[in-house]
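Have a look at the structure below before the remarks.
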Amino acid sequence: MRGVKVDVLVIGGGAAGMGAAAAAAREGAKTILIERNERLGGVLEQCIHPGFGLHRYREELTGPEFAARLRGELESSGAELLTEATLLDLDPAGPRVRAASPKGLLQIRPKAVVWACGARERPFGALRIPGTRPAGIYTAGLCQRLVNIHGLLPGKRAVILGSGDIGLIMARRLRLEGVEVAAVLELKPFPGGLLRNVVQCLEDFEIPLLLRHTVAEVHGKRRLSGVTVVEVDEGGKPLPRTDRFIPCDTLVLSVGLIPEVRALESFAPLDPVNRGPKVNAWLQTEVPWLFSAGNSVAVFDLVDTVAALGARAGVAAARYAQGELPPARAVPLVRGENVLHLVPSALVPGEEATVFLRVPRPFPRVKVSLGGLISRNHLGARPAEMIEVKVPPGASKELSRMPEVRVEVTPA
Amino acid sequence: MKRRLTCISCPVGCELTVEVESGQVISVSGNRCGRGEAYARQEAVEPMRVLPTSVKVIGGELPLVSVRTDRPIPRRLIPQAMGFIRGLAVEAPVEIGQVIARDLLGTGASLVATRAVSRCGRPSLQGT
Ligand SMILES: Cc1cc2nc3c(=O)[nH]c(=O)nc-3n(C[C@H](O)[C@H](O)[C@H](O)COP(=O)(O)OP(=O)(O)OC[C@H]3O[C@@H](n4cnc5c(N)ncnc54)[C@H](O)[C@@H]3O)c2cc1C
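Chain order of the listed sequences is A and B. Residue 1 is where the first sequence starts when you use my numbering, and the numbers rise one by one after that. Residue 1001 is where the second sequence starts when you use my numbering, and the numbers rise one by one after that.
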């Protein structure tokens, strides 16, 4: 069998992949990272607003600045970095990986793989909105890339569907560049993104946020000419006689990210809510040589968390490749009341871990409990912010007696 | 007079109450840290924001370089600042941290590059 033999192959060079490759190389593992873009950094490169790095670097950086720091840490680690190298397939027998690069076909035979390919945007087609199919409809991340990297504006008057952070950030960005933003629409009765972004991206510019509203129809032949918006009830059903027409040539969709798992969904078990692979506290999937971190596991809000989880996955992958990671007796975490996203899917007795979870709607005050192991009060739980619960090694030891741990959020 | 504000200093987003009497901040409550108090005192009299945007690059691998003000500037000056920044252009290569403009509109803030852009290697999507 041909192919380069390595200890750890990291696929994807965003914050998660960079963190993983640097950590694996520092553990002494022969490490290669492949990234399809010309530059490492992933989505950070297009996020030119500040809001990154408060935890990791104790200062507020923009996305490109955060990426530059991580790249610096990676370059001194000894990992081999291959850009413009796109994964073609990941063959679980072996495992064997093929990637296309300007130098030709790369064949790599790693002992362990860290999957860090980030997330895709939910596209327009998934929304099944009636009407025509004109030009002028963009996903928010694509729009951000066009504006911030390529210097292209999408149109003159925009409506933004979805009030997640990406939608809010893009409302401000478009407005600063002279695009009129008619409104941001949100199906739910509360904004999807952080309150700070509602303030500094919408209120600062007097951009209306229409909660409980959605697009009922798109209009226009070649180019979008406007959208019909409608108010909805609790269940998201349109209310009669609330429809009105908003003229616009641009519709920006910020309606969710989905972990990128296409190359592994045929063999690695996924979590149905996170939509990424199930991982244990070491970020090890249920396929022992496969590790994963970052937005390919579940969509995280903070890049600091993503980079830290990447590093954890890198260390574990290196130890696995070196034969030093014992087989884990994983204790599954199961979802109880009010738990949406949940990472990891299992704990390893004796190993410390941080459990990340997302609530489905806002609560002023909650109690978060991990099956009698840990219980904590938390003020102001909101879907836009993941709740973190640390499991110290001491508490984790008690796991060996437990068949599973039920994670529950109850209003307090 | 009492005003309610949402703190934007960090992602927590504390709900603050500021008491203002004839242009003077009397009290701040609802904050969970010192930054929150400082934010409320400033926000009640003159809201300040860091401005992130981009500047044209001549002869670069990318048509734009991302930039930010190195400190917050008065929010009311943002439209004027954007007008000024739109007229700027910088020659590649650009270093991360490079000062693109000093003392933006007399605010004392510098506009600094937040990424490196090397000289034109290959054509960008838009050309130059
Ligand atoms: C608009 C926006 C605003 C945000 N704002 C903030 C903020 O203010 N503060 C904060 O802390 N966080 C913020 N985040 C979140 C943070 O940026 C992300 O969580 C983090 O950067 C994700 O990193 P990642 O490595 O998991 O994924 P990505 O950055 O998506 O990296 C995945 C990488 O994998 C590569 N890849 C994919 N497929 C292949 C393949 N087949 N072959 C080779 N390579 C491949 C991609 O090119 C990409 O480089 C924001 C995110 C967005 C989108």
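Every residue, glycine too, gets a C-beta built ideally from N, C-alpha and C. This one's a predicted model, so the numbers in the text were calculated from it and none came from an experiment.
When you measure from the CB of residue i to every non-hydrogen atom of ligand 1, does any distance come out below 8 angstroms?
i, result
"L257(A)", "yes"
"A15(A)", "yes"
"M170(A)", "yes"
"T86(A)", "yes"
"S225(A)", "no"
"L302(A)", "yes"
"C201(A)", "no"
"H150(A)", "no"
"N274(A)", "no"
"A263(A)", "yes"
"S1054(B)", "no"
"S296(A)", "yes"
"I34(A)", "yes"
"V306(A)", "yes"
"D165(A)", "yes"
"F52(A)", "yes"
"Q1080(B)", "no"
"I11(A)", "yes"
"Q107(A)", "no"
"V414(A)", "This structure cannot speak to residue 414(A), because chain A is shown only from 1 to 412."
"N338(A)", "no"
"V299(A)", "yes"
"C117(A)", "yes"
"E388(A)", "no"
"A317(A)", "no"
"L1051(B)", "no"
"G162(A)", "no"
Under the assumption that residue i contacts residue j (Cβ atoms under 8 angstroms), give the Cβ distance between them as a whole number of angstroms.
i, j, result
"V229(A)", "A216(A)", "7 angstroms"
"A426(A)", "F245(A)", "In this structure chain A extends from 1 to 412, so residue 426(A) is not present and cannot be described."
"G42(A)", "P64(A)", "About 11 angstroms separates the two Cβ atoms, so there is no contact after all."
"S1066(B)", "I48(A)", "4 angstroms"
"L1016(B)", "G1036(B)", "6 angstroms"
"A1109(B)", "D1070(B)", "6 angstroms"
"V366(A)", "P383(A)", "Not really, about 12 angstroms apart at Cβ, beyond 8 angstroms."
So residue i is in the alpha helix (DSSP H); what residue range does that whole segment cover?
i, result
"F1084(B)", "1078-1086"
"T305(A)", "303-321"
"E231(A)", "Per DSSP, E231(A) belongs to no alpha helix (DSSP H); it is in the beta strand (DSSP E), 226-231."
"N74(A)", "The question names Asn, but residue 74(A) is Leu in the sequence shown. Start and end: 63-75."
"E84(A)", "Counting along the chain, E84(A) falls outside any alpha helix (DSSP H), and DSSP gives it neither H nor E."
"R1004(B)", "Looking at the DSSP string, R1004(B) is not in any alpha helix (DSSP H); the run it does join, the beta strand (DSSP E), is 1002-1006."
"K397(A)", "393-397"
"V147(A)", "140-148"
"R459(A)", "There is simply no residue 459(A) to check, as chain A begins at 1 and stops at 412 in what is shown."
Let me check understanding here. Comparing Cα to Cα, which of the options lies closest to residue i?
i, options, result
"Q1024(B)", "G1030(B), V1012(B), V1045(B), G1060(B)", "V1045(B)"
"H219(A)", "L195(A), G294(A), G131(A)", "G131(A)"
"G104(A)", "S225(A), E84(A), G336(A)", "E84(A)"
"E1019(B)", "V1028(B), V1012(B), P1011(B), G1013(B)", "V1028(B)"
"E80(A)", "A21(A), E121(A), L70(A)", "A21(A)"
"P123(A)", "L187(A), Q107(A), G141(A), L106(A)", "G141(A)"
"E352(A)", "W282(A), P102(A), V339(A)", "W282(A)"
"F363(A)", "S396(A), L161(A), G14(A), V409(A)", "V409(A)"
"E45(A)", "R401(A), V303(A), L370(A)", "V303(A)"
"T86(A)", "I387(A), R36(A), A126(A)", "R36(A)"
"D1103(B)", "P1093(B), P1074(B), A1092(B)", "P1074(B)"
"R212(A)", "F205(A), R222(A), L161(A)", "L161(A)"
"P393(A)", "I387(A), K30(A), P411(A), I374(A)", "I374(A)"
"L176(A)", "L187(A), E186(A), Q144(A), K188(A)", "Q144(A)"
"W115(A)", "P411(A), E385(A), G310(A), T354(A)", "G310(A)"
"T139(A)", "L90(A), I129(A), I149(A), E121(A)", "E121(A)"
"I1008(B)", "T1107(B), I1026(B), A1038(B)", "A1038(B)"
"L33(A)", "G78(A), R223(A), L54(A)", "G78(A)"
"L340(A)", "R329(A), V331(A), V355(A)", "V355(A)"
"D7(A)", "G94(A), K221(A), I129(A), R69(A)", "G94(A)"
Can you determine whether any heavy atom of ligand 2 sits closer than 8 angstroms to the C-beta of residue i, and answer yes or no?
i, result
"Q1042(B)", "Ligands present in the displayed structure are limited to ligand 1, and ligand 2 is not among them."
How far does the beta strand (DSSP E) with residue i in it extend, from its first residue to its last?
i, result
"Q107(A)", "104-115"
"E408(A)", "405-411"
"R98(A)", "96-101"
"A293(A)", "From DSSP, A293(A) is part of no beta strand (DSSP E); its letter is neither H nor E."
"E1019(B)", "1015-1021"
"A1089(B)", "1089-1091"
"G51(A)", "50-52"
"E121(A)", "119-121"
**Prompt:** Residue ranges of each beta strand (DSSP E) run of no fewer than 3 residues wholly in the segment 324-369 of chain A, ordered along the chain?
**Reply:** The qualifying runs are 331-335, 353-357.
**Item:** Continuous beta strand (DSSP E) assignments of at least 3 residues falling wholly in the segment 161-211 of chain A
**Value:** 180-186, 209-211
**Request:** Would you mind listing the beta strand (DSSP E) stretches within the segment 254-286 of chain A that are 3+ residues and don't spill past its ends, in chain order?
**Result:** The beta strand (DSSP E) runs lying completely inside the segment 254-286 of chain A and spanning 3 residues or more are 257-259, given in chain order.
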